[in-house]
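Chemist:
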Amino acid sequence: MNNVSMTADSERVKRRYDTTRRRASADRTRRAILEAATALFIEQGYVATTMAAIAQRAGVNADTVYTTVGAKPALFRLLIETTLSGEDHAVPATNRDYVRDLQAEPDAVNKLAIYAAAISRIHARLGPLFGVLQTAAPSSPELAALWHMIAERRAANMRLLAADLATTGRLRSTVQEAADVIWATNSPEFYLLLVRDRQWTHEHYEQWLADSWCRLLLT
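Residue 219 in the UniProt record's numbering is what sits at position 219 of the sequence shown, and the numbering runs on without skipping anything.
Structure representation (structure tokens):
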């Protein structure tokens with residue numbers, strides 16, 4: 001009985017080890033594909049980047065790319081979502097650390113400073129890919145839909161932020177107007193204009209954003 005039990009335990013340990021090893025290998029493959037895709041999209045643009053080129057850069061075959069991350073539009077959306085969250089998976093805005101910090105902060109000026117710092121970090125990661133998306137969206141229905149979805153999701157999140165600011169008693173305008181102002185000024189287009197095209201530093205952009213919001217939104 002003891003030998004049977006020991007053999008069964010050994011088999012369970014081996015299966016767990018094999019599962020862990022396969023999962024680690026799959027994670028490495030997925031990271032390699034995402035890194036290769038990010039580099040190629042930024043270097044060549046969306047249209048010129050092929051799945052075959054991504055596979056070659058990642059050191060895998062094309063079938064592996066498709067089975068791991070899907071077709072090119074799905075891959076690009078995954079890149080946007082993971083770069084936005086800073087994780088290897090999408091994270092809803094309400095679950096991000098900076099949102100919890102912002103909601104816990106009682107002072108309106110500090111709330112806006114927290115959010116400006118977060119937006120600066122996000123755009124620093126996401127700006128190059130947003131530039132690719134901005135260029136490709138007019139000629140790609142899938143990317144146009146992605147651009148629209150991101151804009152609408154940001155608008156909904158900005159209404160939540162404006163409503164949170166209103167609880168401080170310092171909001172100058174209506175919640176909706178404040179949400180629209182934040183939505184427009186924290187847009188990726190605005191970031192690209194100032195940082196990429198006008199060559200502002202990220203620090204300058206962050207400080208300007210926080211200061212502008214305080215002047216525009218607070219009493």
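Note that beta-carbon positions come from the ideal geometry of N, C-alpha and C, so glycine has one too.
Among Ser140, Asn95, Leu84, which one has its Cα closest to the Cα of alanine 48?
Modeler: For this step, residue 48 is matched to residue 48 along the sequence shown. The shortest Cα separation from alanine 48 among Ser140, Asn95, Leu84 belongs to Ser140.
Chemist: Decide if leucine 193 is buried, meaning its Cβ has at least 16 other Cβ atoms within 10 Å, or exposed.
Modeler: For the purposes of this step, residue 193 is identified with residue 193 of the sequence shown, where counting begins at 1. Result: exposed.
Chemist: Who does leucine 171 pair with in a DSSP beta bridge?
Modeler: Translated into the one-based positions of the sequence shown, residue 171 becomes position 171. Per DSSP, Leu218.
Chemist: Taking the Cβ atom as the reference point for each residue, do arginine 154 and threonine 219 lie within a distance shorter than 8 Å?
Modeler: Within the sequence shown, numbered from 1, the residue matching residue 154 stands at position 154. Within the sequence shown, numbered from 1, the residue matching residue 219 stands at position 219. No, these two residues do not count as a Cβ contact at 8 Å.
Chemist: Return the CA-CA distance between threonine 83 and alanine 90, expressed in angstroms with no decimal places.
Modeler: Here residue 83 corresponds to residue number 83 of the sequence shown, with the count starting at 1. Here residue 90 corresponds to residue number 90 of the sequence shown, with the count starting at 1. Going from the Cα of threonine 83 to the Cα of alanine 90 covers about 8 Å.
Chemist: Can you find the residues in the same chain that come closer than 8 Å, C-beta to C-beta, to glutamine 134, ignoring five residues on each side of it along the sequence?
Modeler: Taking the first residue of the sequence shown as 1, we reach residue 134 at position 134. Excluding residues within five positions, the ones whose Cβ falls inside 8 Å are Trp147, Pro188, Glu189, Leu192.
Chemist: Quick one: is the Cβ of arginine 121 within less than 7 Å of any heavy atom of the ligand SAH?
Modeler: Ligands in the displayed structure: none, and consequently the ligand SAH is not present.
Chemist: Closer than 8 Å is the cut-off here; do at least three beta carbon pairs connect the segment 174-188 with the segment 210-219?
Modeler: Yes, they touch.
Chemist: For glutamine 35, which of Arg57, Gly45, Thr50, Ala24 has the nearest alpha-carbon?
Modeler: The residue labelled residue 35 in the question sits at position 35 within the sequence shown. The sequence given here places glutamate at residue 35; glutamine does not occur at that position. Residue Arg57 is the option with its Cα nearest to glutamate 35.
Chemist: To the nearest angstrom, how far is it from the Cα of glutamate 203 to the Cα of alanine 116?
Modeler: The residue given as residue 203 occupies position 203 in the sequence shown. The residue given as residue 116 occupies position 116 in the sequence shown. Approximately 10 Å, taken between the alpha carbons.
Chemist: Can you tell me where the alpha helix (DSSP H) holding proline 106 begins and where it ends?
Modeler: Numbered from 1 along the sequence shown, position 106 holds the residue referred to as residue 106. Here proline 106 belongs to no alpha helix (DSSP H), and DSSP marks it neither H nor E.
Chemist: From threonine 67 to proline 73, what does the alpha carbon distance come to, in whole angstroms?
Modeler: By one-based count along the sequence shown, residue 67 stands at place 67. By one-based count along the sequence shown, residue 73 stands at place 73. So the alpha carbons of these two residues sit roughly 14 Å apart.
Chemist: If we count the other Cβ atoms within 10 Å of its Cβ and call it buried at 16 or more, is alanine 55 buried or exposed?
Modeler: Residue mapping note: residue 55 aligns to position 55 of the sequence shown, counting from 1. Classification for alanine 55: buried.
Chemist: Should alanine 71 and alanine 62 be called a contact, given that it needs their Cβ atoms to be closer than 8 Å?
Modeler: Start at 1 with the first residue of the sequence shown, and residue 71 comes out as number 71. Start at 1 with the first residue of the sequence shown, and residue 62 comes out as number 62. For alanine 71 and alanine 62, no; Cβs fall outside 8 Å.
Chemist: If we count the other Cβ atoms within 10 Å of its Cβ and call it buried at 16 or more, is serine 120 buried or exposed?
Modeler: Indexing the sequence shown from 1 puts residue 120 at position 120. Counting Cβ neighbours within 10 Å, serine 120 comes out buried, since at least 16 surround it.
Chemist: Along the chain, where does the alpha helix (DSSP H) containing alanine 144 start, and where does it finish?
Modeler: If you number the sequence shown from 1, residue 144 lands on position 144. Run containing alanine 144: 141-166, per the alpha helix (DSSP H) assignment.
Chemist: Take serine 212 as the anchor and find which of Leu112, Asp197, Ala162, Ala137 has the nearest alpha-carbon.
Modeler: Working through the sequence shown from its first residue, we reach residue 212 at position 212. It is Leu112.
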